[in-house]
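Here's the structure, in structure tokens; my notes come after.
Residue numbers (the UniProt record's numbering): 1 to 154.
Structure, rendered in structure tokens:
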């Protein structure tokens with residue numbers, strides 16, 4: 001591999017890592033936003049229960065608390081989905097025991113669980129299409145709007 005090819009590969013790897021970091025940061029921001037929503041809902045539950053207690057009728061708060069609990073459940077499901085997306089972006093997976101491991105491992109180092117081979121991902125990897133810059137001939141992601149090496153519009 002020539003010096004320039006190594007430089008191009010290094011730049012391409014750096015661009016992929018930067019894109020991965022941006023995606024993970026975006027997803028973590030979404031989680032943070034959902035957690036703030038959870039805090040607001042917990043506060044509303046507390047206010048509803050307090051108001052019902054002050055009025056001397058606990059039954060008054062039940063419909064509100066039930067609705068808030070449903071919202072909490074939905075938000076927690078959303079957070080779990082986003083966490084799975086983060087693991088995917090980091091090329092990781094979660095074992096049934098809760099341990100986070102690299103995507104390519106076949107067995108969990110904690111519990112020994114054997115992971116199923118993911119054939120779909122292997123098939124997708126074989127059919128990846130890249131866009132090549134017309135100026136510097138650098139390989140870019142298929143949906144890239146600008147070249148990662150020279151910055152020209154694709």
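All C-beta atoms in this analysis are idealised placements derived from N, C-alpha and C, irrespective of residue type, glycine included.
- Around the beta-carbon of residue 61, 16 or more other beta-carbon atoms lie within 10 Å, marking it buried.
- Residue 152 sits in coil when the DSSP states are folded into three classes, being neither helix nor strand.
- Along the length of the segment 41-96, whole beta strand (DSSP E) runs at least 3 residues long occupy 92-94, reported in chain order.
- Selection 8, 3, 2 evaluated against residue 138 yields 8 as nearest (Cα-Cα).
- For residue 41, the closest of 148, 66, 26 by C-alpha to C-alpha distance is 66.
- A check of alpha carbon separations from residue 30 across 17, 69, 108, 85 identifies 85 as the nearest.
- Rounded to the nearest angstrom, the Cβ distance from residue 100 to residue 115 is 13 angstroms, too far for a contact under 8 angstroms.
- Here the segment 47-61 does not lie against the segment 72-85, with fewer than 3 beta-carbon pairs under 8 angstroms apart.
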